[in-house]
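The sequence shown lines up with residues 1 to 385 when you count with the numbering used here.
The C-beta atom is built at its ideal place from N, Cα and C for all residues, glycine as well.
The block underneath contains the structure these notes are about, expressed in structure tokens.
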Amino acid sequence: MSGSANPAGISAGLGFDLLAEDGKARRGHLITAHGPVKTPAFMTVGTAGTVKGMTTEQVRASGAEIILGNTYHLMLRPGTERIARLGGLHRFMNWSGPILTDSGGYQVMSLQELRRISEEGVSFRSHLDGERHELTPERAVEIQDKLDADITMVLDECTPFPATEEEARDSMERSMRWAARCRDAFNRRPGYGLFGIVQGGIYPALRQASAAALMGIGFDGYAVGGLAVGEGQEIMFQVLDATIPHLPRDRPRYLMGVGKPSDIVGAVQRGIDMFDCVLPTRSGRTGQAFTRRGSVNLRNARHQDDPRPLDPDCPCPTCSAYARAYLHHLFKSKEMLGPILLTRHNLYYYQELMAGLRRAIEDQRLDDFAADFAEQQAGGDLPAL
Ligand SMILES: [Zn+2]
């Protein structure tokens with residue numbers, strides 16, 4: 001489907017249908033220029049125009065409907081204008097489905113020594129060649145437009161943790177001024193959307209003020225940012241409880257950079273619709289598998305003679321064909337097939353988890369699903385042979 005497609009029923013912006021609710025949890029349907037997305041959804045991270053080690057056919061086969069691209073990495077290499085000349089990010093990386101891009105702000109802010117923040121925006125030096133770049137709210141929107149992102153994120157400052165209330169307020173208020181500038185710069189068209197990002201640290205009053213400010217500007221969706229930065233799951237859930245009731249019911253909600261499977265289950269119960277995280281891919285490269293019995297480290301010597309699959313109930317191509325002993329061998333030998341096979345399993349696991357959550361919401365049994373999930377995770381891995 002081309003970027004100029006006009007999905008039925010969307011006059012401007014993104015479509016979002018709420019199909020079912022179970023408690024605070026929602027089962028929905030996002031409609032973008034490059035196709036629909038069932039929510040709650042997990043967005044697989046394709047940092048530099050690739051989900052590391054996976055072809056896009058393999059990503060699609062895992063059940064992924066939408067992926068995330070990192071503006072910071074793409075703007076530096078191969079460069080925004082080059083990707084635009086080559087037909088946009090979908091064509092460049094051979095992914096015909098929806099793409100959400102981040103604003104680049106998170107990576108730039110984390111450069112510490114190399115960046116300078118002002119009211120205008122952020123000025124930074126590339127970690128690749130030291131060249132100086134400017135990222136303003138207007139430029140961040142322009143870059144994502146050139147990449148042809150279905151969902152564009154506003155430039156914001158991810159407030160560090162810990163931060164005092166005063167620091168969190170100053171940071172949040174500047175992010176809200178930047179959000180308004182992003183809205184003005186955004187080229188509104190059918191199937192494409194701009195998401196605002198709620199900030200405010202761990203302070204409920206600031207989170208509510210941020211949500212109100214964003215709703216006053218008006219966005220296609222609302223993200224919760226500044227979490228999963230070291231505050232822990234309990235505080236993260238408290239912030240969600242204090243924030244989500246203040247977001248509009250009829251627009252998608254995205255929890256950025258989250259998370260572990262248990263984070264996702266708890267956040268879905270609190271009303272989040274979209275997630276992204278590097279965990280399934282990054283862990284897949286280091287030998288850590290996510291399974292319904294918790295996480296499993298394939299480097300552990302207990303697997304070296306184990307002929308069983310990683311998870312006998314997993315439908316993924318890795319579990320259908322390969323033994324734990326073989327996966328262990330690949331990681332011990334540093335063979336590239338190890339990260340490929342394990343990433344593939346982890347992507348399936350995350351998508352299976354999301355499919356299970358969606359079915360549970362449809363059937364009004366999400367609390368039972370969450371209880372079963374927690375019990376299985378606590379039970380631990382298969383006993384050693
Ligand atoms: Zn598997």
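Rounded to whole angstroms, the gap between the alpha carbons of T44 and M176 is 27 Å. A distance below 6 Å between beta-carbons, with the five flanking residues on each side excluded, links Q288 to the following residues of its chain, in chain order: S295 and N297.
The count of Cβ pairs closer than 8 Å, one atom from the region 153 to 165 and one from the region 219 to 239, reaches three, so the stretches are in contact. Not one heavy atom of ligand 1 falls within 7 Å of the beta-carbon of T286.
In the three-state DSSP reduction, N297 falls in the strand class (E or B).
Spatial neighbours of A180 in its own chain (CB-CB distance under 8 Å, excluding positions within 5 residues in sequence) are listed in chain order as I217. Distance check between A213 and each of P309, R183, E234 and L337 places R183 closest, using alpha-carbon atoms only. The straight-line gap separating the alpha-carbon atoms of K332 and D313 is approximately 25 Å. Straight-line measurement puts the Cα of G63 at about 25 Å from the Cα of Y326. Excluding the 5 residues flanking it on each side, D306 has same chain C-beta neighbours closer than 8 Å at A323, R324, A325, H328, A384 and L385, in chain order. Taking C-beta atoms under 8 Å as the contact rule, P204 and A242 qualify, at a distance of about 4 Å. Fewer than three Cβ pairs drawn from the region 76 to 85 and the region 106 to 114 lie within less than 8 Å of each other, which leaves the two stretches out of contact. In the structure shown, the three-state DSSP call for A20 is strand. Nearest C-alpha to R174 among E131, E119, R207 and L135: E119. Checking the 7 Å criterion, the Cβ of C182 is out of range of every heavy atom belonging to ligand 1. Note on geometry: alpha-carbon atoms of G271 and R132 lie some 40 Å from one another.
Note that the C-beta distance between Y254 and M236 is not below 8 Å.
When DSSP reads this structure, M43 sits in a beta bridge with D276. If only uninterrupted beta strand (DSSP E) runs of at least 3 residues are considered, those enclosed by the region 88 to 122 are 99 to 101 and 115 to 117.
Sorted by chain position, residues whose beta-carbon lies closer than 6 Å to a non-hydrogen atom of ligand 1 are L310, D311, C314, C316, T318, C319, H345 and Y348.
Measuring C-alpha to C-alpha distances from A149 to each of M336, G53, S103 and R292 identifies S103 as the nearest.
Counting only the Cα atoms, E134 lies some 44 Å from A370. Between L14 and G191, the beta carbon gap of about 7 Å places them in contact (Cβ cut-off 8 Å).
Following the DSSP letters along the chain, one finds G338 inside the alpha helix (DSSP H) bounded by residues L337 to E362. Inclusion of P280 and N346 in the CB contact set at 8 Å is warranted, their separation being smaller than that value.
In the structure shown, G53 falls within a coil segment according to DSSP collapsed to helix, strand and coil. Annotation: the continuous beta strand (DSSP E) that includes F290 extends over Q288 to T291. Contact between I264 and L342 does not hold, since their C-beta atoms are separated by about 19 Å, which reaches or exceeds 8 Å.
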